[in-house]
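Positions 22 to 174 (the numbering used here) are the ones given, in order, by the sequence shown.
All C-beta atoms, glycine included, are put in the ideal place defined by N, C-alpha and C.
Predicted model, so just to flag it, every value in this text is computed and none were measured.
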Amino acid sequence: MRTQRQVVDYSLRKRVVLRELLAGRVGTYDLCDASPYLKNAARFHGEPTDQRCPICRSENLTRVHYIYGDELRQSAGQARTVAELSVLAMTLREFQVFVVEVCLGCDWNHLVEQYLLGRDGLPGGADDGQERSEAGGMTADGTGVRRRREAQR
């Protein structure tokens, strides 16, 4: 997506968890604990991948995208498809996306990445940033809006 920014990749954390499993310090019951809600979200809103599950190696992983943000109101915390994310990215100013991979066979689940989406990431959004900061009581140079208005009088 073209407005995707501030990406955090959790692949190193995944490697550590899998290394702990292979070393015998963690059991599969500790790692394969997907909730029924997560599994349903994977079935109905998930994006199938070609990657095999690192635990059972018999099922392909499914990626689920959860969205959070102030503008979402009651929709915050819901799973969305990739097509819905692109539509939301053009209509909302900013929201956060968490991507979780799930194995429907053995219940493996792991946070893969998180990132921001929204119109604020589009080129030419600098004017919006100044308006937003002025609405919050501060201008771009750090002086208060009230002082600026009083000086204009």
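From the DSSP output, in three-state form, read off residue i for me.
i	result
A100	strand
L113	coil
V47	coil
E105	helix
E134	strand
Y58	helix
L125	coil
Q95	helix
R78	coil
Could you work out which residue in the options is closest to residue i when comparing CA atoms only?
i	options	result
C124	V108, R140, Q72	Q72
N81	V28, T70, A110	T70
D30	G139, D141, F119, G126	F119
A67	R84, R78, L138, Q95	According to the sequence provided, residue 67 is Gly. The question's Ala does not apply to it. Ranking the options by Cα distance to G67, first place goes to R84.
V108	G139, S96, E92	G139
E92	V37, L113, V38, V47	L113
A97	Y87, R26, A104	Y87
L106	L137, A62, Q95	L137
S32	V121, G126, V47	V121
C77	N61, Q117, G126	G126
G90	C74, A110, K60	A110
V103	C74, R94, F65, Q95	F65
A100	L39, A62, R46	A62
K35	P75, Q95, Y58, L59	P75
Below 8 Å on the Cβ atoms is my contact criterion, and I expect residue i with residue j to pass it. Report the Cβ-Cβ distance as a whole number of Å.
i	j	result
L43	T49	With 8 Å as the limit, L43 and T49 do not qualify as a contact, their Cβ atoms being about 11 Å apart.
E134	V28	6 Å
**Study point:** Three CB pairs or more closer than 8 Å across the stretch 123-143 and the stretch 53-70
**Key:** yes
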